[in-house]
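Numbering (mature numbering (1 follows the signal peptide of the UniProt record, and there is no 0)), first residue to last: -24 to -1, 1 to 318.
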């Protein structure tokens, strides 16, 4: 019975990361990012002004052999300031969903932290892949996020070396994975509506369907299922590595929230809107199950974690945005700053 329950949960959780839920994601990228043979070292290529306190930086990544765009929001007050890195879900479009749909620019306005948003990385799990993938391209996201990006962006912003990382859905899994694989790198980590295992039946199903849903070959990720790399990237299995890091986890119930109901009431195509909200409800129920399972694992190990369960909300950007303030209230003290606006 436990195996069948796990497999059932795997199907729901796989949908969580691979489907296009209610107003949550953008269409999949049609082709892999091209490799630029001229990119042989990591440098800041240029910056573009996007608005007050908002800049887009183009970073040449030696590991991925192309330019990666990142958006940065400068915090309020005098520097140096801590840095918060924020990861997207499975679609990971040209501009972070946190900025286009998650309300992050408005939320972080006036707060004493510099915030960095990645772009691209569709279906990548934000990890270093074993091999080039003909659908998703050359992915060395762990190298980029850990080794290449921080020295450039923190020098540009005048960071003080204090860091945290947060993510949603696929990005939630990646945030916890990166924090665990690099102890001490981040003072705090937050996962919103994610799943955190990769090596067991549930985790392999989620990961393989997530990658495959965007046209990728899961065996290009960490090799065949028997490869030890699947276990090496499993936050549930390696949870003890999070000891000493401030951890925040959150998820909703899947019950439609007020924003979900408003989306249906104002939709041109009400049946389609109902279908999307219903799909997002199922996805978030899967995220809740994953979050409860990981929170239990941390508690068994005696690792403190702040766990926030919203009473309502589907797997959608308006509901992810509702979970952001609670995550920030956990992250801010770990970074040594107040969580209020200045």
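Every residue gets a Cβ at the ideal spot worked out from N, C-alpha and C, and that includes glycine. Everything numeric in this text was worked out from a predicted model, so none of it was measured.
Handout entry: residue -4, buried or exposed, once every other Cβ within 10 Å from all chains shown has been counted against 16
Key = Bear in mind that the predicted position of residue -4 carries a pLDDT of just 43, short of 50, making it too unreliable to give a figure here.
Practice task
Can you tell me the Cβ-Cβ gap for residue 211 and residue 152, rounded? I've got them flagged as a contact below 8 Å.
Solution key: 4 Å
Problem - Sheet register partners of residue 296 (DSSP bridge) - result: None; residue 296 has no bridge partner.
Problem - Given 8 Å, three or more beta-carbon pairs between the region 269 to 282 and the region 106 to 120 - result: no
Handout entry: Where the beta strand (DSSP E) containing residue 139 begins and where it ends
Key = 135 to 144
Handout entry: Residue from 299, 23, 36 with nearest C-alpha to residue 228
Key = 299
Exercise for the section: Quick one: grab the DSSP three-state call for residue 26. Expected result: strand
Practice task
Return the Cβ separation of residue 330 and residue 99 in integer angstroms, given the expectation that the two are a contact with Cβ distance under 8 Å.
Solution key: Nothing can be reported for residue 330, as the shown portion of the chain is limited to -24 through 318.
Handout entry: Coarse secondary structure for residue 113, derived from DSSP in three states
Key = strand
Exercise for the section: Sort out for me which residues DSSP pairs residue 31 with in a bridge. Expected result: 25, 48
Practice task
Note the first and the last residue of the continuous alpha helix (DSSP H) segment covering residue 241.
Solution key: 234 to 241
Practice task
Give every residue of the same chain whose Cβ lies closer than 7 Å to the Cβ of residue 25, excluding the five residues on either side of it in the sequence, and list them in chain order.
Solution key: 31
Problem - Three-way DSSP call (helix, strand, coil) for residue 286 in this model - result: coil
Problem - Continuous beta strand (DSSP E) stretch holding residue 58: start and end - result: 57 to 63
Practice task
With residue 182 as the anchor, note down where its alpha helix (DSSP H) starts and where it stops.
Solution key: 177 to 189
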